[in-house]
Amino acid sequence: METKPISLVRQAQQLISMAITEGDSVIDATVGNGKDTLFLTSAVGPQGTVYGFDIQAAAIEKTRELLNKHDRLNSKLTLQCHSKIAQTLALENITPSISAAMFNLGYLPGSDKKVVTQSNTTLTALDSILPLLAKTACITILAYRGHPGGETEADAIKLYCNTLNNDLYHSKIYLGNHATTDCYPGKNPPHNNNLSNSQATNTIDNIPPILYVIQKNYSNA
């Protein structure tokens, strides 16, 4: 029996789930339509906390409505660029105890496609999160590339992952493609650090996304 390929959205959630236990603190760096935020609120349970960020008021409102619909009260949503995560969490007296962080890069579905994430603010956000990570923490960055600037941002994330201190972190790339085809058949993935392949049903403008994963090397933490 043929196994259906797993979407990169689901792949990211599975990886994050392995890093989280109930009561943890986690980050949704780009709340968007709120689906990742909802997933995270379930994963950390009522005693945990999800810190959500977005620069668009519509995204914060959509997410708040979705969480209220499901009676999720364990989130703190901030109308703020994710590059300001460090300043926001400093007010919460957060010490190195963030178990997971999720990024979805691109634009908010159904909104102005000109409002997109930018590589400089995304990298600033990653830099601010790394010192806060717990020993077994995981970051997922799902980069959609079918909009202007999308490929540039994805390349910047790849370079960032390649330059991380391997004694402290290790990274993986999961390559997306249509569910009915092989991923990049006959080609080597464009990365050389602990690569894994996956397939995705999620595409924007027929260009498949890429999932980047950063995990804390707990043995050297």
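For what it's worth, the numbering used here labels the leading residue of the sequence shown as 1, then goes sequentially.
Cβ coordinates follow ideal geometry from the N, Cα and C atoms, glycine included.
Computed from a predicted structure; not experimentally measured.
- Short of 8 Å from the beta carbon of Ile85, and not among the five residues preceding or following it, lie these beta carbons of its own chain, in chain order: Ile27, Ala29, Tyr51, Phe53, Ala125, Ser128 and Ile129.
- Around the C-beta of Leu8, 16 or more other C-beta atoms lie within 10 Å, and the residue is accordingly described as buried.
- For Gly150, the enclosing alpha helix (DSSP H) starts and ends at Gly150 to Asn162.
- For the beta strand (DSSP E) assignment, the uninterrupted runs of no fewer than 3 residues enclosed by the stretch 114-145 are, from N- to C-terminal side, 133-143.
- Spatial neighbours of Tyr144 in its own chain (CB-CB distance under 7 Å, excluding positions within 5 residues in sequence) are listed in chain order as Leu105, Gly106, Gly150, Ile204 and Pro209.
- For Asn217 against Leu159, the beta-carbon gap comes to about 20 Å, at or over 8 Å, which does not count as contact.
- Ranked by Cα distance from Cys81, the first of Asp71, Asn33, Gln56 and Asn74 is Gln56.
- Looking from the CA of Thr121, the closest CA among Ile60, Lys135, Glu153 and Thr140 belongs to Glu153.
- If you compare the alpha carbons of Ile207, Asn93, Tyr174 and Thr41 with that of Ala101, the shortest gap goes to Thr41.
- The three-state secondary structure of Ala19, taken from DSSP, is helix.
- Judged by DSSP in its simplified three-state form, His82 adopts helix.
- For Asn68, the uninterrupted alpha helix (DSSP H) run begins and ends at Ala57 to Lys69, by DSSP.
- Taking C-beta atoms as the reference points, Leu211 and Ala12 count as a pair closer than 7 Å.
- Take Arg64, set aside five residues on each side of it, and the residues of its chain with a beta-carbon closer than 7 Å to its own are Leu77, in chain order.
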